[in-house]
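Below: one structure, written as structure tokens.
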Amino acid sequence: MPETASIPDASTPAGMLEGDLVRRARNGDLNAYDELVKRYQERIYATIYHMTANHEDANDLAQDSFIKAYRALKSFKGGSSFYTWLYRIAVNKTINFLKQRRNKHHYSLNDLDFNTEHNPDLVALISDKTPHREVGLTELQKKLNEALMRLSEPHRMVVVLHDVQGQSHEEIAEIMDCNIGTVRSRLFYARQQLQGYLAEYAKST
Amino acid sequence: MNQNENNFEQVKKLLKLKQHEIPPPGYFSSFSSEVILRIRAGAAAHSQSLAERLQAEAGWFHRFLGIFESRPGVVGGFATSLCLLLLITVVFADHSDVSPGSLLTVSGPVATAVDPIAPITTQQLVASVGSMGGIVASTNPVTSLQPVTTLFGQPASAALFQTASFAPAGQ
Chain A
819 MPETASIPDA STPAGMLEGD LVRRARNGDL NAYDELVKRY QERIYATIYH
869 MTANHEDAND LAQDSFIKAY RALKSFKGGS SFYTWLYRIA VNKTINFLKQ
919 RRNKHHYSLN DLDFNTEHNP DLVALISDKT PHREVGLTEL QKKLNEALMR
969 LSEPHRMVVV LHDVQGQSHE EIAEIMDCNI GTVRSRLFYA RQQLQGYLAE
1019 YAKST
Chain B
2 MNQNENNFEQ VKKLLKLKQH EIPPPGYFSS FSSEVILRIR AGAAAHSQSL
52 AERLQAEAGW FHRFLGIFES RPGVVGGFAT SLCLLLLITV VFADHSDVSP
102 GSLLTVSGPV ATAVDPIAPI TTQQLVASVG SMGGIVASTN PVTSLQPVTT
152 LFGQPASAAL FQTASFAPAG Q
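One line per chain: the protein sequences are A and B, in this order.
Residues 819 to 1023, numbered by the numbering used here, are exactly what the first sequence covers, in order.
Residues 2 to 172, numbered by the numbering used here, are exactly what the second sequence covers, in order.
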């Protein structure tokens, strides 16, 4: 029996457009803001988590970012999308946090999901064909996070936003308040650095 | 460059592993409610701190009102004193009819002898200077009319001056 697709009700926060939710939240409607948080929580959390490699820090920073955004909603002019504006707050907060905590990395890595073992690219990295077949996915995850932490914050941010989160160069330039050329050069340099740090895994087969 | 791109492909594949890192189960189901709770708590704390600050700043006023509550007799005394103060103010306001012009009158020989507005003739000026014993009048209105004294406090008058003569002695 085919499932009937539920049409979102435009009168409830879940069915509202982003602009309406922002307008309501600006007037103090916390239900509207709750909906905005639900829409972007996963992406904001993931970006901060990949930058910090620490679940607890990512949780605190993500919550702080949403709270700061709510308090600053009055100053949001709508020149960019709420999503980009929110991202900018989260990115600045995270970079400031990492600068204060420089060289004091404390890893608190999340578990890998069930699908990891079914990802052919990843399986290939630990298969018998590679010289590092003894390395498990968890070990590889740890090495990858260590390599990322060796990058500077702006370079790490570009890699996370582009190669992990899948954002475009234009979006990253807007979020990081720089031009596209800078994004591209940072991405190239960051990949080059990662290639060096992970040479034993990133060899071409 | 192709080699680099190829290597970057490997790096990109490695980075895909990051996408499989997931927070503890159920983490996102309570995330938004925690954010909203913190926003509400922050707003409540802000309004509470505002009330506390107002209370701290107006503490003296509360203590002042407390005196009245504990001693009702003080209320009557305070009200009576306020009425008296008001009455005294009204009475004094009625009697303070001093004309401003009288405050500007100048007493003294010059003021009585000479009309300050009328033009002063040279004779009048010389006479007044002479009567004041060495007072030098200046055309500069800022300069005060102070008696010119010598270094030892003697008034400088014509009697103290001696004309110098450079003629040889005996002539």
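Glycine residues also receive a C-beta, built at the ideal position from the N, C-alpha and C atoms.
Quick caveat, the model's predicted, so the values are computed rather than measured.
Spatial neighbours of residue i in its chain, beta-carbon cut-off 6 Å, leaving aside the 5 residues before and after
i      : result
A/M834 : none
A/T839 : Before going on, a small fix: residue 839 of chain A reads as Leu here, not Thr. So the qualifying residues of the chain are A850, E853, L854.
A/T912 : I866, M869, L879
A/K886 : I907
B/I89  : none
A/E952 : In this predicted model, A/E952 has a pLDDT of only 49, less than 50, meaning its place in the structure is not dependable; the value taken from the coordinates is given anyway. Contacts found: none.
Under 7 Å from the C-beta of residue i: neighbouring residues of chain A
i     : result
B/S33 : D852, V855, K856, Q859
B/Q20 : V982
The alpha helix (DSSP H) enclosing residue i, as first and last residue numbers
i       : result
A/F900  : 900-918
A/V976  : 971-977
A/K960  : 955-967
B/P73   : 73-96
A/V840  : 836-844
A/A1003 : Here residue 1003 of chain A turns out to be Ser, not Ala, going by the sequence shown. Counting along the chain, the alpha helix (DSSP H) containing A/S1003 begins and ends at 998-1015.
A/H987  : 987-994
Local Cβ density within 10 Å of residue i, reported as buried at 16 or more and exposed below that
i      : result
A/K892 : exposed
A/H973 : buried
A/E874 : exposed
B/K19  : buried
B/W61  : exposed
A/N877 : buried
B/V92  : exposed
B/F69  : exposed
A/V855 : buried
B/R72  : exposed
A/D981 : buried
B/H21  : buried
B/Q49  : exposed
A/Y858 : buried
A/E989 : buried
B/Q11  : buried
A/P831 : buried
B/Q56  : exposed
Close-in-space but distant-in-sequence residues of the same chain around residue i (CB under 8 Å, 5 per side omitted)
i       : result
A/M819  : For A/M819, the pLDDT reaches just 44, beneath the cut-off of 50, and the residue's location in the model is therefore unreliable, leaving the point undetermined.
A/A843  : A850, Y851, L854, Y888, L891
A/L969  : V977, A1008, Q1011, L1012
A/T863  : Reading off the sequence, residue 863 of chain A comes out as Tyr, not Thr. Only A876, N877, A880 meet the Cβ criterion.
A/R1004 : P972, H973, V976
A/I993  : T902, Y905, R906, V909, L979, Q985
A/N997  : A991
A/D995  : R906
A/T956  : L930
A/L916  : M869, T870, E971
Beta-carbon neighbours of residue i, restricted to chain B and to distances below 7 Å
i      : result
A/D794 : Nothing can be reported for residue 794 of chain A: it is not among the residues displayed for chain A, which extend from 819 to 1023.
A/D847 : By Cβ distance, chain B contributes nothing, its closest Cβ being about 11 Å from A/D847, past 7 Å.
A/H873 : P24
A/H868 : K19
A/L930 : H21, E22
A/Y888 : I40
Residues sharing a beta bridge with residue i, DSSP
i      : result
B/E22  : A/L930
A/N872 : A/S926
Residues that residue i contacts on chain B, provided the C-beta gap is smaller than 8 Å
i       : result
A/Y1007 : Within 8 Å Cβ-Cβ: nothing; A/Y1007 doesn't reach chain B, min ~12 Å.
A/T934  : L18, H21
A/I885  : V36, R39, I40, G43
A/V977  : L16
A/D995  : Under the 8 Å cutoff, chain B gives no residues; its nearest Cβ is about 24 Å from A/D995.
Other residues of its chain near residue i: CB distance less than 7 Å, five sequence neighbours each side excluded
i       : result
A/W903  : F894
A/D827  : G833
A/M967  : A871, H923
A/R1002 : H987
A/D1026 : The displayed coordinates of chain A run from 819 to 1023. Any statement about residue 1026 of chain A would go beyond what the structure contains.
A/P938  : none
A/Y925  : A871, N872, N963
A/L940  : T934, L955
Partner residues on chain A for residue i, Cβ-Cβ distance less than 9 Å
i     : result
B/I29 : According to the sequence shown, residue 29 of chain B is Phe rather than Ile. Correct list: K856, Q859, E860, Y863.
Interface partners of residue i on chain A, CB under 8 Å
i     : result
B/V76 : Simply none; closest approach about 43 Å.
Within chain B, the residues that residue i reaches when beta carbons sit closer than 9 Å
i      : result
A/H959 : The sequence given here places Gln at residue 959 of chain A; His does not occur at that position. Those within 9 Å of A/Q959 in chain B are L18, K19, H21, E22.
A/L940 : K14, L15, K17, L18, H21
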